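K.L.:
Taken in order, the sequence shown gives residues 1 to 400; the numbers are from full-length UniProt numbering.
We treat Cβ as the ideally placed atom computed from N, Cα and C, and that holds for glycine.
Quick caveat: nothing in here was measured; it's all calculated off a predicted structure.
A single structure is presented below for examination.
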Amino acid sequence: MDKTYPGSHIRMEKSSKNEFMCVYISLYAFIRGFDHCRPIVVVYGSHLKSYYTGTFVSASTLDGAENDAAWTWFFEQFKIAYDVRENMCIVSDRNESIIKSVSRVYPDVPHCACIWHLWNNVYKKFKKSHAKLSEIYFSMAKAYTQTEFDSLMEKVEKVDIRVKEYLELAGLWARLYAPVNKGWTMTSNIAESINASLVSARELPIYDFLEEVRKIFGRWNCSNRKEATQTYKTLGKKYQEMLELNETMCTRMTVVPSTEYLHTVNDGGRNYTVCLLERKCVSGRFQIDELPCPHAWAVLKSKFLMPEEYCSSYYKPSTIVMTYDVLVSPLPDKNDWNIPEHVAKEVVLPPKWKRPPGRPKKKRDKNLSELLLPKNQHSCSICGQGGHNKRTCRNAPRNK
1 MDKTYPGSHI RMEKSSKNEF MCVYISLYAF IRGFDHCRPI VVVYGSHLKS
51 YYTGTFVSAS TLDGAENDAA WTWFFEQFKI AYDVRENMCI VSDRNESIIK
101 SVSRVYPDVP HCACIWHLWN NVYKKFKKSH AKLSEIYFSM AKAYTQTEFD
151 SLMEKVEKVD IRVKEYLELA GLWARLYAPV NKGWTMTSNI AESINASLVS
201 ARELPIYDFL EEVRKIFGRW NCSNRKEATQ TYKTLGKKYQ EMLELNETMC
251 TRMTVVPSTE YLHTVNDGGR NYTVCLLERK CVSGRFQIDE LPCPHAWAVL
301 KSKFLMPEEY CSSYYKPSTI VMTYDVLVSP LPDKNDWNIP EHVAKEVVLP
351 PKWKRPPGRP KKKRDKNLSE LLLPKNQHSC SICGQGGHNK RTCRNAPRNK
């Protein structure tokens, strides 16, 4: 791999008895691409299901028992490969081992909690209050201003003061209190999505599993680069749609200029101050989303300015192209490998592992909140309402 992917960071850890413990792989394509990504690192571990089991970490690969030493070793290797970037932030489910390891290896980097995992903890601890708190909690997590956050926290206190006390002690979870701008990265969903795409691969032996990971990441690298190079828009698809939505919301706003850059925007009787020079709005959205909010849009329209010039460079196809600029080359067939003598002589024994009794689980255990989610309800093809089908429908047909 060193010959095929020069500049990569590849390390393997063995025990004193030469038994395999863990492996770390950061290909050069991803090390180079990270320089053009927002420095928010989402970490998530999922269990491997081959004979020796283990843990796969989505930021890279790690095989071995999920414990403090393994996580610390992973973050040490990650730091060697990717270093520390300005405004860097780590998001995880706040597993105890991850908390300890991050504090040791990245003492100055904020470690934020995945809001979905934190909600599951609230769900388990305060079962009687969860139904009333769900919408309030997620609104708090996404709040842009202190006033909005405090107003929602008062509602939480009225429902259950214990939840308020728990959330105040929970650490970094709300976007408003993040020491760096996390943007929309508030959950570990992106890492869990990667793990979901590797469900079948996680049952393979370690070498075959790593090869499958390399192939999948190589395909994604190729398709993302192709999509970015072929676009004709000035922003990525997701951000272009958000920008267009904000434009539709600014149509009835009035703008009063104070200086060339400072403006007051009246929205439904309420005034908002927008500063184009600092790219800020008192609503908080302009500076956090790094995209013109409806109030900023109204100002830009009044001055006939292009909104794309006030968007983050992370949202532009040119940056996305640079992220996937280095291709992931195919790995030669095993029969064609030229293995150095010192590597061929290295002894790596299988890890000692006793298989637990019973049939291995194929599916993960779902959280209580997932089990209680409403199931998809069938709807009638005639009237469109749920609870019955077209055979028993007595309602008027819906307009098509």
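With three or more beta-carbon pairs closer than 8 Å as the criterion, would you say the stretch 29 to 46 touches the stretch 342 to 354?
P.N.:
In short, these stretches do not touch, since the Cβ pair count stays below three.
K.L.:
Whole beta strand (DSSP E) runs in the stretch 231 to 302 with 3 or more residues, listed along the chain?
P.N.:
The stretch 231 to 302 contains these whole beta strand (DSSP E) runs: 254 to 257, 262 to 267, 270 to 275.
K.L.:
Are three or more beta carbon pairs between the stretch 250 to 266 and the stretch 291 to 301 nearer than 8 Å?
P.N.:
Yes, the stretch 250 to 266 touches the stretch 291 to 301.
K.L.:
Looking at the secondary structure, which residues open and close the alpha helix (DSSP H) in which S139 lies?
P.N.:
S139 -> alpha helix (DSSP H) spans 130 to 141.
K.L.:
Starting from I161, follow the alpha helix (DSSP H) in both directions and report where the run begins and ends.
P.N.:
Residues 161 to 169.
K.L.:
Have a look at M306 and W116 and give me their C-alpha separation to the nearest angstrom.
P.N.:
M306 and W116: Cα-Cα distance of roughly 36 Å.
K.L.:
For the beta strand (DSSP E) containing A113, list its first residue and its last residue.
P.N.:
Looking at the DSSP string, the run of the beta strand (DSSP E) that includes A113 is 111 to 113.
K.L.:
How would you write the range of the beta strand (DSSP E) that M12 sits in, first residue to last?
P.N.:
Looking at the DSSP string, the run of the beta strand (DSSP E) that includes M12 is 9 to 14.
K.L.:
Please confirm whether C114 and I40 have their CB atoms less than 7 Å apart.
P.N.:
No, Cβ-Cβ distance for C114 and I40 is not below 7 Å.
K.L.:
Under the DSSP definition of a beta bridge, which residues are partnered with V321?
P.N.:
V321 pairs with nothing; no bridge assigned.
K.L.:
Specify, as a first and last residue, the run of the beta strand (DSSP E) that V23 falls within.
P.N.:
Note, V23: beta strand (DSSP E), 20 to 26.
K.L.:
Are the CB atoms of P351 and Y13 within a distance shorter than 7 Å?
P.N.:
Per the sequence shown, the amino acid found at residue 13 is Glu instead of Tyr. Taking 7 Å as the Cβ cut-off, E13 and P351 do not qualify as a contacting pair.
K.L.:
I'd like to check one pair, A29 with V326: are the Cβ atoms closer than 7 Å?
P.N.:
Contact flag set, yes.
K.L.:
To which residues of the same chain is T234 closer than 6 Å at the C-beta, ignoring the five residues directly before and after it?
P.N.:
Answer for T234: E308, listed in chain order.
K.L.:
Mind checking which residues open and close the beta strand (DSSP E) that includes I90?
P.N.:
Run containing I90: 89 to 92, per the beta strand (DSSP E) assignment.
K.L.:
Just confirm the distance between the C-beta atoms of I10 and M1, as a whole number of angstroms; I'd bet it's less than 8 Å.
P.N.:
Indeed they touch by this definition, with Cβ atoms about 6 Å apart.
K.L.:
Using 8 Å as the Cβ pair cut-off and three pairs as the minimum, do the stretch 135 to 144 and the stretch 170 to 187 touch?
P.N.:
Cβ pair count under 8 Å is three or more, so yes.
K.L.:
Counting pairs of Cβ atoms below 8 Å between the stretch 225 to 244 and the stretch 271 to 283, do you hit three or more?
P.N.:
With a cut-off of 8 Å, the stretch 271 to 283 and the stretch 225 to 244 do not count as touching, because too few Cβ pairs lie within range.
K.L.:
Under 8 Å, with one C-beta from each stretch per pair, do the stretch 122 to 136 and the stretch 255 to 274 reach the 3-pair mark?
P.N.:
Not touching, per the Cβ criterion.
K.L.:
Per DSSP, what kind of secondary structure is I40 in: helix, strand or coil?
P.N.:
The answer is strand: DSSP assigns I40 an E or B state.
K.L.:
Checking 7 Å against the spacing of the C-beta atoms, do T4 and L331 come in under that value?
P.N.:
For T4 and L331, yes; Cβs fall inside 7 Å.
K.L.:
Would DSSP call L118 helix, strand or coil?
P.N.:
DSSP places L118 in helix when its eight states are reduced to three.
K.L.:
Tell me the DSSP bridge mates of L349?
P.N.:
Partner(s): E19.
K.L.:
Buried or exposed for G33, going by 16 or more other Cβ atoms inside 10 Å?
P.N.:
The residue is buried, with at least 16 neighbouring Cβ atoms inside 10 Å.
K.L.:
Would you kindly work out how many angstroms separate the C-alpha atoms of Y314 and H36, rounded to a whole number?
P.N.:
Spanning the two alpha carbons is a distance of roughly 7 Å.
K.L.:
Which whole-angstrom value describes the C-beta separation of A228 and Y324, a residue pair presumed to lie in contact below a C-beta threshold of 8 Å?
P.N.:
Contact flag correct, Cβ pair sits at about 7 Å.
K.L.:
Relative to the ligand GDP, is the shortest distance from any of its heavy atoms to the C-beta of V256 smaller than 6 Å?
P.N.:
This structure does not include the ligand GDP; it has no bound ligands of any sort.
K.L.:
Nearest by alpha-carbon distance to E346: which of N120, I288, K17, F304 is it?
P.N.:
Looking at the Cα atoms, K17 is the closest of the given residues.
K.L.:
Can you check DSSP and say which residues form a bridge with S379?
P.N.:
Answer is G386, bridged to S379.
K.L.:
Please classify V156 as buried or exposed, where buried requires at least 16 neighbouring CB atoms within 10 angstroms.
P.N.:
Buried, by the Cβ-count rule.
K.L.:
Looking at the unbroken alpha helix (DSSP H) that takes in R394, where does it start and where does it end?
P.N.:
First-last for R394: undefined, no H or E at that position.
K.L.:
Comparing alpha-carbon positions, which option in R225, T231, V274, T248 lies nearest S258?
P.N.:
S258 has its Cα closest to that of V274, out of R225, T231, V274, T248.
K.L.:
Less than 7 Å between C-beta atoms, sequence neighbours within five positions excluded: which residues of the same chain meet that for P397?
P.N.:
Once the five neighbours on either side are set aside, the close Cβ partners of P397 are I382, C383.
K.L.:
To the nearest angstrom, report how far apart L148 and G284 are at their CA atoms.
P.N.:
Checking the displayed sequence, the identity of residue 148 turns out to be Glu instead of Leu. Cα-Cα distance, rounded: 11 Å.
K.L.:
Rounded to whole angstroms, how far is the Cβ of T72 from the Cβ of S101, which I believe are closer than 8 Å?
P.N.:
That pair is a contact at about 4 Å.
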